Structure formats: structure tokens, C-alpha cells
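> Take a look at this one; I'll ask things after.
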Amino acid sequence: MGEHRPQESAGSPGTVAPARIDIVGLTKRFLTPKGETFTAIRDVSLTVEPGEFCAIVGPTGCGKSTTLAQVSGLEHPSAGSVSVGGRLVDGVTNGVSYMFQTDSLFPWKTVLANVMMGPILLGTPRKEATELAMDWLRRVGLTGFEDRYPHQLSGGMRKRVSMAAALINNPRILLMDEPFGALDVQTKAIMQTELLQLWEDLRPSVLFITHDLDEAVALADKVVIMTSSPGTVKDVFDVDLPRPRGDVQQIRHEERFLEIQGRIWESLRDEVTRAYQQTAGAAA
Amino acid sequence: MTTMTTTQQAARSGVADKREIDMQAAGRRAHTRRTTWIWVGRIGAAVLILGGWQWFTAAGWVDKFFYGQPSGIWDSLVHLFTVGTAFGTIWENLWITVQEAFLGFLLGTVTGVVFGILLGSSRYLASVFGPYIKILNSIPRIVLGSIFIVAFGLGVFPKVLLAAVLVFFVVFFNAFQGVREVDPGLVANVRVLGASPLQVARHVTIPSAMTWIIASLHTAFGFAIIGALVAEVLGAQHGVGLIISQAQGNFDPDTVFACMVIVAVVTLVAEYLITLLEKSLLKWRPPSRSEAQAI
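Heads up: the sequence lines are chains V and C, in that order.
Each residue of the first sequence is one higher than the last, beginning at 386 in the working numbering.
Each residue of the second sequence is one higher than the last, beginning at 12 in the working numbering.
Here is the structure:
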């Protein structure tokens, strides 16, 4: 973890090849505080091609976030394996960026310092890191806000900062855990469109977790449906909407979109109903 | 026709402007009135308490031999600053006490922060040492002053030590809690970006715990002064605590009160400095409601 990976040449996207993600027979068990074991995900197998945008959809508590944590290398699988670009994940994977539902910004750092964190942690000289961060702030439309603190920004602007911070290191893999879950509908649509534009420039492989099927279909090349307790992969659907997709809000009205969305919903509906009945049963 | 409408509009907007200005002026007047009354109340309360004390002792209803008298306290303050004490000028003694309190404050804060962050970041260490820290926290630590004086003599060191012991626990518990409250998402984020454990501490854990640590410093300085004073009362060759214990032996409550006033001023100055530090270190924080309505 201490070793610094070689720094990609600053500001030139596409120098690092996106990596293929192979998840094979992945199982993760947790020890509850009482000492019992709890299986979060069982036997999950999944492949994300280099540069592919893969969305994972499923009911609450089906182990979507757990799957991401294994890919990032923050946690170790109980069984099975994850490999990125042909190399087995053991410890924190190189060239990965994470985006969470919470902004994950440092409230005590300015916008500029927040975006600079990635290059700084790689050992980039401060001057170079500043230039790179300024360029990224321009790309997400936040020029002039570099000296603000996160609490002085709106939710959508904070998301933009998070996006710049996640993409500045030109990651091979982008892991997104319901990144737009807490936004209002309009802001969400704008952020989705901007994410697609940025992604089309850099083309990292993406694993994108969401509850929102519309969001998954509008953004992804491939939608994976997961079932709950314990989490497993139920279905995989290809989304063959042409790229670049442009405005996310307009895709939603296209006939092809509705057709694909309808087919996937058939598969998802049973899971959502089952998960809901389980939680309702537990509450009663 | 057109000219008429424009003049009407101008007149109307003129009326609106005037109303706006009137409202702002009324708001300002209400604000001034409120501040005036607050100050009248404050000064009134001080006059009532000090005046009442002076009056009751002067009339003989309360014995000034035991309870002192405001005018007597003033006289003894003047005496302390012009004539001095049996142990040198008041400035020398005050300087020694402040030195002890400050060094104890520094020592206690540094050890408290270090231990708080260590135990806060390691679940294992926290489980091992948790019960001992609780036991140490529940013993009457002020009594340690006697042991320190027996062990280390009448010099400055035992006072620093007692002040540090009192400060340590306040700062320790806050630093510990502060580390526990760190957003796990932030930690995961920098770890994925390749941060070493040391970088995680530098960029996430310590700045995040800083809010809690700084909040504890206000109380901690008060404890440092108490530690230094009590240790001096227990046994010293210089210091405000010694003046207090001497005055107690001479049945001189006025000098005891005078020393209390002096120490209170020192504490207020320290408090002010800590607030300045807080403002500069925590300038990233959104202004809180309570600050806006300042009590």
C-alpha cells in the first residue's frame, strides 16, 4: 500500500488502458457482533469488459456495496476471487476510484484541495497537482469556486467536485455506489448526462450501483440484477442503446429504451416484491 | 398617456422604496433597543450583587471577617500590585503559576491527543486499555498532587504534572470520540486512492478529530489552572496558590478573593486565545445556529 504506482502523464486521458474485471464465485461472510456468521453475497460471478459501463440493480441489502468493496480491495473475499486486468486483487487495487452516495469530500479542505487529493496521494508535485485540479474544475464547470469549502456549495456542485476528484487520477476502474441517490430528480438527470460525457472521454470500466432501473438503463451497457439474502446474480441484460447517448432525460422517452426497461423490470419485480415482503414480515 | 403611466409607476416604486427604508430603520432601532437593554441588565446585575455584598458587610449583617468585602478586595488587589507579597512581586508569582498551568496544559493536551488517536484508531488497543482508563478517570486525581509533591519536591515540576493529569483525561476522551466519529466513507475513499495509514491519519483522522479536540481545550485550560493552584496550595515556594494558602492562614478572605479575580482574568485571556485558535483552525465549518444567535 505504501508503494507509489507510476504516475500517468498529467492531463492526457486515455494513456492507461481500461481494465477488465473478472469476478468468479465471490462469497463474502461477515461475523456479526454476537459471533454469528452472516453471508452477504454467495457465489457471485460477473465480468466487466474493458471500458464497459456495468450497472448493478437490486433490492436493498442484496450485497451490491459488498461486491464493490471486494473489487476495490478494501475487503478480502471469504471465497472466490476478483481479478482486475488479469491480476488477482490482493490489497487495494491500483487505478481505482470510488464514488459514494455521500459526497466523501473533506469538509476542512477547499474545493481545489479536495480535487488535488488524488494526485497528491500519488506523490505528484504540488504545482502540477494544482494545474491538473484547476483543469478538472474547468471540465466540471466549477471554475471560480476553487477557494470555497464544500458546505458553501449546493448538492449538485458538491457532486461535481466528487466526480472531478474521482476522475482526476484517470482511473482504470470507476466504482460508483449510488452516487446520485441523494439528489433531487432534476439535478440527478443533469449529473447523469455530465457523467456520461466525462466517461466517454476517459472510458474507464465502470461498476455502477443503483436502485433506480431507469438510471441503470440510461447509463449502462450492461445491467446486472442481483437477488437478496444472500446476494447472488439473477440475470444479466445487455443494453444496446447507441452511444454517445447525449441527454439522459431524452433517452427515457425513446421506444427502444422503454422496451429494454420493461424487459428488465419483469426480472427485477419479483425480487423487489420478495425483498419487500421479507422486510414487512420482519417488521410485523 | 404613456408619460402618465411611467410617472405613476415611478411614484409607486418610490412609495415602495420609502416603505423598504422605513422597515430597515425600524429593524435597526429594535436591534439597538435590544442591545441597550441587555447591557442595562448586565450592569444592573453586577451592581446588585457587588453592591448588596458591600452593603450587607458594611451594615454588619454579614461578617466581613469571614466573607470579605468588595472594597477590601479592591484594597488588597492594590496592595498586591503595588507592595507585593512576602514571596516577591505578584507578577513573579503569577508568572510562575501561569507557566505551570501552561506547561501542564501543553503536556496533557499532547499526551491526550496522541493516546486518544491511538486508542481511537485501534479497536484492539481500545478494548485492552478501555477499562483501565475508566478506572483512572474515576479516581480522585487531585489527590495525586500530594504524591507528586512528596516525590518531586516543592519545585515547578509536580505542579506541571498535576495540571497535565487533569488536562489529559478531558482531551483524551474528546480525541478518542473524535476519531470514532470519522466518516468511514472518507477513509475508504483515500485508501482506494492509495493512501498509507500515516496519510490517512494526516489527511482524514486528525483534521476530523480536531473539532472535538479544540472543543475540549476550553475546559482543559480551566483544569490546568486548577491543577497548578491546588498543587501550589499543597506545597510551594512561589505562586498564586501559595499566596492563597498564606492568606487563608492569616484569616484574610479579601486576599483570597483578590487572587481569584487575578486568576479569572488570566483564564479569560487564555479562553480568548483558544477561541482565536479555534476560529482559524475551524474556519471551514459552516456557521452554526447557536453562533448566529450568540448568547
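Positions of the beta carbon are idealized from the N, C-alpha and C atoms, including for glycine.
Just so we're clear, the structure is a prediction, and the values are computed from it rather than from any experiment.
Run through chain C and tell me which residues come within less than 9 Å of W521 of chain V, C-beta to C-beta.
Ordered by position in chain C, no residue passes the 9 Å Cβ test against W521 of chain V, which lies about 14 Å from the chain.
> Taking Cβ to Cβ, would you say A404 of chain V is nearer than 8 Å to V456 of chain V?
No, Cβ-Cβ distance for A404 of chain V and V456 of chain V is not below 8 Å.
> Once the 5 residues before and after A97 of chain C are set aside, which same chain residues still bring their CB inside 8 Å of it?
Contacts found: Q257.
> Is there a Cβ from chain C that is less than 8 Å from the Cβ of W650 of chain V?
False, the Cβ-Cβ gap to chain C never drops below 8 Å.
> Within 8 Å (strictly less), CB to CB, does P492 of chain V reach chain C?
It does: the Cβ of P492 of chain V has a partner Cβ on chain C nearer than 8 Å.
> Short of 7 Å in beta carbon distance, which residues of its chain neighbour L130 of chain C, apart from the five on each side in sequence? Order them along the chain.
Answer for L130 of chain C: L136, A137, F140 and F187, listed in chain order.
> Consider the Cβ of M501 of chain V: report whether some Cβ of chain C lies at a distance smaller than 8 Å.
It does not: the Cβ of M501 of chain V has no partner Cβ on chain C nearer than 8 Å.
> Hey, how far is the Cα of K294 of chain C from the Cα of E585 of chain V?
For K294 of chain C and E585 of chain V, the distance between alpha carbons rounds to 38 Å.
> Along chain V, which residues have their Cβ under 8 Å away from the Cβ of G95 of chain C?
In chain order: nothing, as chain V lies at least about 48 Å away.
> Starting from Q210 of chain C, find everything on chain V with Cβ-Cβ shorter than 8 Å and list it in chain order.
Ordered by position in chain V, the residues that pass the 8 Å Cβ test against Q210 of chain C are L506.
> Are A226 of chain C and A174 of chain C touching if we call contact CB-CB under 8 Å?
Taking 8 Å as the Cβ cut-off, A226 of chain C and A174 of chain C do not qualify as a contacting pair.
> Could you tell me whether the Cβ atoms of L522 of chain V and E531 of chain V are closer together than 8 Å?
Yes, these two residues count as a Cβ contact at 8 Å.
> Pairing CB atoms from the region 207-223 of chain C with CB atoms from the region 78-88 of chain C, are three or more of them under 8 Å?
No, because fewer than three Cβ pairs between the region 207-223 of chain C and the region 78-88 of chain C fall closer than 8 Å, the two stretches do not touch.
> Would you kindly work out how many angstroms separate the C-alpha atoms of G387 of chain V and A206 of chain C, rounded to a whole number?
Confidence at G387 of chain V is low in this model, with a pLDDT of 40, below 50, so the placement of that residue should be treated as unreliable; the coordinate-derived value is given next. Their backbone Cα atoms lie some 7 Å apart in a straight line.
> Report back the beta-carbon spacing between V167 of chain C and Q110 of chain C to the nearest angstrom; my notes put them in contact at under 8 Å.
That belief holds up - the Cβ atoms of V167 of chain C and Q110 of chain C are roughly 7 Å apart, short of 8 Å.
> Would the beta-carbon of E243 of chain C fall within 8 Å of that of T108 of chain C?
Yes, the Cβ-Cβ distance between E243 of chain C and T108 of chain C is below 8 Å.
> What did DSSP end up calling Q304 of chain C once you bin it into helix, strand or coil?
Below a pLDDT of 50, predicted positions are generally treated as unreliable, and Q304 of chain C, at 42, falls in that range; the measurement from the model is reported next regardless. In the structure shown, Q304 of chain C sits in coil (DSSP, three-state: anything other than H, G, I, E or B).
> Do the region 634-654 of chain V and the region 587-602 of chain V touch if we need at least three Cβ pairs shorter than 8 Å?
Contact holds: three or more Cβ-Cβ distances are below 8 Å.
> Quick one: which residues of the region 447-462 of chain V get their C-beta closer than 7 Å to a C-beta of chain C? List them in chain order.
Answer set for the region 447-462 of chain V: S457 and L459.
> Secondary structure at F234 of chain C, three-state DSSP: helix, strand or coil?
The answer is helix: DSSP assigns F234 of chain C an H, G or I state.
> What's the call for W66 of chain C, buried or exposed, on a 16-neighbour Cβ count within 10 Å?
The residue in question, W66 of chain C, is exposed, as its Cβ has fewer than 16 Cβ neighbours within 10 Å.
> Short of 7 Å in beta carbon distance, which residues of its chain neighbour V624 of chain V, apart from the five on each side in sequence? Order them along the chain.
Result list for V624 of chain V: V602, A605, D606, K607, V608 and I645, in chain order.
> Cβ closer than 8 Å: which chain C residues qualify as neighbours of S482 of chain V?
Under the 8 Å cutoff, chain C gives V203 and L204.
> Using the C-alpha atoms, what's the distance from R44 of chain C back to M34 of chain C?
One C-alpha to the other measures close to 15 Å.
> State yes or no: is the beta carbon of W319 of chain C nearer than 8 Å to at least one beta carbon in chain V?
Outside the displayed span of chain C (12 to 306) sits residue 319 of chain C, for which this structure offers no information.
> Using a beta-carbon distance cut-off of less than 9 Å, what residues from the region 184-201 of chain C approach chain V?
Per Cβ criterion, the list reads D194, G196, L197, A199, N200 and V201.
> Is it the case that the Cβ atoms of N554 of chain V and L507 of chain V are separated by a distance below 8 Å?
Yes; because the gap between Cβ atoms is below 8 Å, this pair is in contact.
> Could you tell me whether the Cβ of N554 of chain V comes closer than 8 Å to any Cβ of chain C?
So, interface residue.
> So with Cβ pairs under 8 Å, would you call Y534 of chain V a contact of chain C?
Y534 of chain V counts as touching chain C.
> Name the residue from V:G566, V:L527, V:L490 and V:A665 whose alpha carbon lies nearest to the alpha carbon of S547 of chain V.
The option with the nearest alpha carbon to S547 of chain V is V:L490.
> Output yes if chain V places a C-beta closer than 8 Å to the C-beta of A305 of chain C; else output no.
Because A305 of chain C sits at a pLDDT of 42, beneath the cut-off of 50, its placement in the model cannot be relied upon, and the point is left open.
> Considering only the beta carbon of each residue, do G443 of chain V and T612 of chain V sit closer than 8 Å?
Cβ distance < 8 Å, so G443 of chain V and T612 of chain V count as in contact.
> Give me the residue from V:V477, V:L568 and V:T445 with the minimum Cα distance to T664 of chain V.
Among V:V477, V:L568 and V:T445, the Cα nearest to that of T664 of chain V belongs to V:T445.
> The beta strand (DSSP E) with L560 of chain V in it runs from where to where?
Counting along the chain, the beta strand (DSSP E) containing L560 of chain V begins and ends at I558 to D562.
> Residue range of the beta strand (DSSP E) that L416 of chain V falls in?
I406 to L416 is the extent of the beta strand (DSSP E) around L416 of chain V.
> When DSSP labels each residue in this structure, what does C447 of chain V get in the three-state scheme?
Of the three classes helix, strand and coil, the one that applies to C447 of chain V here is coil, per DSSP.
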